[in-house]
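Q:
There are 2 protein chains.
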Amino acid sequence: MYTKLIKIAIDAMGGDDIPDVPVNGIRTFLSLYPEQNVFFVVFGDEVTLKRKMLGIDKSRYEIKHCDKFITSDEQVAFAVRHSKDTSMRAVIEAVKSEYCDASVSGGNTGALMALSKIILRPAKNIDRPAICAMMPTKKGKCVLLDMGANIAVTSQNLLEFAFMGEAFAQVVLKKKNPKIGLLNIGSEDNKGHAYIHEASDKIKESHLKDQFIGYIEPNQIYEGEIDVIVTDGFTGNIVIKSAEGLGKLVKVLLKNAFSSSILSIMGYIFSYLGIKNAMQIMDPNNYNGGMFIGLNGVSVKSHGGADKYGFANAIHTAVSIVAKEMNKKIMEKLDLS
Amino acid sequence: MYTKLIKIAIDAMGGDDIPDVPVNGIRTFLSLYPEQNVFFVVFGDEVTLKRKMLGIDKSRYEIKHCDKFITSDEQVAFAVRHSKDTSMRAVIEAVKSEYCDASVSGGNTGALMALSKIILRPAKNIDRPAICAMMPTKKGKCVLLDMGANIAVTSQNLLEFAFMGEAFAQVVLKKKNPKIGLLNIGSEDNKGHAYIHEASDKIKESHLKDQFIGYIEPNQIYEGEIDVIVTDGFTGNIVIKSAEGLGKLVKVLLKNAFSSSILSIMGYIFSYLGIKNAMQIMDPNNYNGGMFIGLNGVSVKSHGGADKYGFANAIHTAVSIVAKEMNKKIMEKLDLS
Chain L
1 MYTKLIKIAI DAMGGDDIPD VPVNGIRTFL SLYPEQNVFF VVFGDEVTLK
51 RKMLGIDKSR YEIKHCDKFI TSDEQVAFAV RHSKDTSMRA VIEAVKSEYC
101 DASVSGGNTG ALMALSKIIL RPAKNIDRPA ICAMMPTKKG KCVLLDMGAN
151 IAVTSQNLLE FAFMGEAFAQ VVLKKKNPKI GLLNIGSEDN KGHAYIHEAS
201 DKIKESHLKD QFIGYIEPNQ IYEGEIDVIV TDGFTGNIVI KSAEGLGKLV
251 KVLLKNAFSS SILSIMGYIF SYLGIKNAMQ IMDPNNYNGG MFIGLNGVSV
301 KSHGGADKYG FANAIHTAVS IVAKEMNKKI MEKLDLS
Chain D
1001 MYTKLIKIAI DAMGGDDIPD VPVNGIRTFL SLYPEQNVFF VVFGDEVTLK
1051 RKMLGIDKSR YEIKHCDKFI TSDEQVAFAV RHSKDTSMRA VIEAVKSEYC
1101 DASVSGGNTG ALMALSKIIL RPAKNIDRPA ICAMMPTKKG KCVLLDMGAN
1151 IAVTSQNLLE FAFMGEAFAQ VVLKKKNPKI GLLNIGSEDN KGHAYIHEAS
1201 DKIKESHLKD QFIGYIEPNQ IYEGEIDVIV TDGFTGNIVI KSAEGLGKLV
1251 KVLLKNAFSS SILSIMGYIF SYLGIKNAMQ IMDPNNYNGG MFIGLNGVSV
1301 KSHGGADKYG FANAIHTAVS IVAKEMNKKI MEKLDLS
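The listed protein sequences correspond, in order, to chains L and D. Residue 309 in the working numbering sits at position 309 of the first sequence, with consecutive numbering throughout. Counting from 1 along the second sequence, just add 1000 to a position and that's the residue number in the working numbering.
1) K179 (chain L) CB to nearest chain D CB: under 8 Å?
2) So the beta strand (DSSP E) A1130 (chain D) belongs to, where does it begin and stop?
3) In whole angstroms, give me the CA-to-CA distance for G1185 (chain D) and Y1309 (chain D).
4) Could you work out which residues of chain D lie near V252 (chain L), taking near to mean beta carbons separated by less than 8 Å?
5) Please give me, in chain order, every unbroken run of the beta strand (DSSP E) with length at least 3 that falls completely inside the stretch 1101-1163 of chain D.
6) Assess contact between the stretch 315-324 of chain L and the stretch 289-304 of chain L, defined as three or more Cβ pairs (one per stretch) separated by less than 8 Å. Is contact present?
7) Does DSSP put A9 (chain L) in a helix, in a strand, or in coil?
8) Let me make sure I understand the geometry here. Which of L:E332, L:I226, L:K276 and L:I10 has the alpha-carbon closest to that of A94 (chain L)?
9) Can you confirm whether I275 (chain L), when its beta carbon is compared against all beta carbons of chain D, has any partner nearer than 8 Å?
10) Rounded C-beta distance between I275 (chain L) and A1257 (chain D)? I'm assuming under 8 Å.
11) Go ahead and pull the three-state DSSP assignment for V322 (chain L).
12) Apart from the five residues just before and just after M331 (chain L), which ones in its own chain have a Cβ nearer than 7 Å to its Cβ?
13) Thinking C-beta only, is L1049 (chain D) closer than 8 Å to A1090 (chain D)?
14) What are the residues of the stretch 1090-1124 of chain D that lie near chain L, defined by any Cβ-Cβ distance shorter than 7 Å?
15) When you compare the CB of V153 (chain L) with every CB in chain D, is at least one pair closer than 8 Å?
16) Hey, is P22 (chain L)'s beta-carbon within less than 8 Å of any beta-carbon in chain D?
17) Just checking my contact of D146 (chain L) with N1190 (chain D) at CB under 8 Å: how many whole Å lie between their CB atoms?
18) Take T1235 (chain D) and list the residues in its own chain whose beta-carbon comes closer than 7 Å to its own, dropping the five residues that flank it on each side.
19) Just reading off the alpha helix (DSSP H) that M291 (chain L) is part of, what are its end residues?
20) May I ask you to check if the CB of L295 (chain L) is nearer than 7 Å to at least one heavy atom of the ligand ADP?
21) Please check if any C-beta of chain L sits within less than 8 Å of the C-beta of T1048 (chain D).
22) Near K1068 (chain D), what residues of its chain come up, given a Cβ to Cβ distance below 7 Å and the 5 sequence neighbours on each side ignored?
23) Of all the alpha helix (DSSP H) runs that stay within the bounds of the stretch 240-297 of chain L, which reach a length of 4 or more residues?
24) Mind checking whether A318 (chain L) and A102 (chain L) have CB atoms under 8 Å apart?
25) Following the continuous beta strand (DSSP E) through F1039 (chain D), name the residue where it begins and the one where it ends.
26) Measuring alpha carbon to alpha carbon, tell me which of D:N1286, D:L1158 and D:G1304 ends up nearest L1032 (chain D).
27) Quick check on Y1099 (chain D): buried or exposed, where buried means 16 or more other Cβ atoms within 10 Å of its Cβ?
28) DSSP three-state label for L49 (chain L), please.
29) Measuring alpha carbon to alpha carbon, tell me which residue in D:A1152, D:Q1280, D:F1163 and D:I1293 is nearest V1250 (chain D).
30) So G338 (chain L) and T109 (chain L) are in contact, right, with Cβ under 8 Å, and what is the actual spacing, rounded?
31) Can you tell me whether G214 (chain L) is helix, strand or coil according to DSSP?
32) At a CB-CB cut-off below 8 Å, which residues of chain L make contact with T1317 (chain D)?
33) Mind checking E62 (chain L): buried by the 16 CB within 10 Å criterion, or exposed?
34) What are the start and end residues of the alpha helix (DSSP H) that includes Y61 (chain L)?
35) Are the beta-carbon atoms of L112 (chain L) and I229 (chain L) separated by less than 8 Å?
36) Would you mind telling me which residues of chain D sit closer than 7 Å to F258 (chain L), beta carbon to beta carbon, in chain order?
Given below as structure tokens:
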């Protein structure tokens, strides 16, 4: 149990349903983890937030007024140029000034990446920070990056993602020599885009050569044989959102399966605990909260369409990163490599 | 019930486990659908095939010897140049000469597309034929294309995929005005690659404008609100193989859930039928067999890693396309558009 107070900067104006999801995410986090020593600094419109946050223990948060916010359809360059006084910029500045230990935002991914990079600065040798996502597998968890910060990439970017993925897996998944796979649509050398082939060559020439198992296909992600899945942000986002959609479909199919007859309802009651556990492993809310990796500061991205449980999980991710000093350890490894 | 004899050309040398999967796929098809009036023309090494096909009713097949086959790691241009006397070329030639009604191959997708295009010729106005896949949704099925034939695409290719997807959904899904969505990583105009934005503009200017619902994210595929999902072959393949992997994970999680206690085993017994139905909807084998669309002839692609059940389903797809004259109807619609 971590005892030092952890201060989390919350962008109350980032995501699809604002400020309700961030505010209720805080509420949900506090009810799920009442013992955690966390204080929230909530950035957004003060008048609205004062009303919305009614009922939350006032000793657990403060509101910082921001006049503006960045919308999710803004072009990144425009958003950055006009980011002064926005809630998104404010949460990252709060981490930079060390007023807060980490930030959580569900806003415009491109703008959040650009601002985080400008304000927090990337690690030595890292040109493009990435967002890491944890994925469920048959044997536990693996990490996938990039999950959406870098849409178009070069082979050099993919090599850097492999380095960052290795550091993440060492620190967070406790794997000494994590196995690295490069996502592609086939294991043969002639499959997929040219920059993927070039990245494969670069990884084979790097210190990762013995941990690199080559191309992997998306169906292998869930087998649990690979610890780090390297891909561009477009494809990574496609994989995550596919898993999210299919997870919801499974829920509906099982609900129908269990309510199809009296017998099957009894079956559900008998199997409740096991099923609940399986469903939790599949629930995308439990994987919400992507960590920006390669930055001198903790910035967590919540999925724009997350609900309060998803946002609470993103807060939990941020708190864990701070409590376990994960980012500090990852940055140390990256600076050494 | 279709009574005319349907002749299917089988590439016994395409896929990961050859000729066992194609041969046992035939065996499985015949035991699952004994009443279907289907005859197989099996292309591959005669000596091996004679031995492997022992036990299959000899009135249901003939073997055509081929000296060579195309491996899955061959570059497309090389494979095409050296395709003479290969089993893959032979199955497509058999369709072209009308000796067979359709072909099924689990081999090198790029080579299969190139040979199909060269030999069978694409429809008027179609530059790049695509592979269609059916996906399960909460409300039934939808069609996704391209699932892997065209790795890098232009906005014009995506527009053609939308046209072909419309025709497929009209004929196969019986939707008069199918809803078309363009796969992207966000609904906002600033998300994703430039060629996706251009394709969106082109579709809005086409006859599909009223059916086009804009960008959709992968999680929306499974909601069942969209009939046709348009994407490039790389991304489409990623989506299909993600679904495959996650489907298998769900199976393992549920197996664990149901075997975690005596109570849960009883639960499984009580819910067996409902669960079996849900699992069937999720089972990738039931979706194996991608139809090449936009070609003057029926060519079906089986997943290279499919097992005998998957291959049998690919045969079933080919048989249905022929029996219902789907390709003829689709080509008529494409020639009119």
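For each residue, glycine too, the CB sits at the ideal point set by N, CA and C.
A: According to the data block:
1) no
2) A1130 to T1137
3) Position check: residue 1185 (chain D) holds Ile in this sequence, whereas Gly was assumed. Straight-line Cα distance between these residues: approximately 33 Å.
4) K1138
5) 1102-1105, 1130-1137 and 1140-1145
6) yes
7) strand
8) L:I10
9) yes
10) 5 Å
11) helix
12) If we look at M331 (chain L) and ignore the five residues flanking it on each side, its Cβ neighbours are A123 and N296.
13) One thing to note: A1090 (chain D) has its Cβ no nearer than 8 Å to the Cβ of L1049 (chain D).
14) Answer in chain order: no residues at all.
15) no
16) no
17) The distance from the Cβ of D146 (chain L) to that of N1190 (chain D) is about 18 Å, inconsistent with a contact at the 8 Å cut-off.
18) L1183
19) No alpha helix (DSSP H) holds M291 (chain L); the beta strand (DSSP E) holding it covers G290 to I293.
20) Of ligands this structure carries none, so the ligand ADP is not represented either.
21) Chain L places no beta carbon closer than 8 Å to that of T1048 (chain D), leaving this residue out of the contacts.
22) D1085 and T1086
23) 262-282
24) yes
25) V1038 to G1044
26) D:N1286
27) exposed
28) helix
29) The option with the nearest alpha carbon to V1250 (chain D) is D:Q1280.
30) In the structure as shown, chain L starts at 1 and stops at 337, and residue 338 (chain L) therefore has no counterpart that could be examined.
31) strand
32) Within 8 Å Cβ-Cβ: nothing; T1317 (chain D) doesn't reach chain L, min ~20 Å.
33) By the neighbour-count criterion, in which 16 or more other beta carbons inside 10 Å mark a residue as buried, E62 (chain L) falls on the exposed side.
34) From DSSP, Y61 (chain L) is part of no alpha helix (DSSP H) but of the beta strand (DSSP E) over Y61 to H65.
35) no
36) S1271 and G1274
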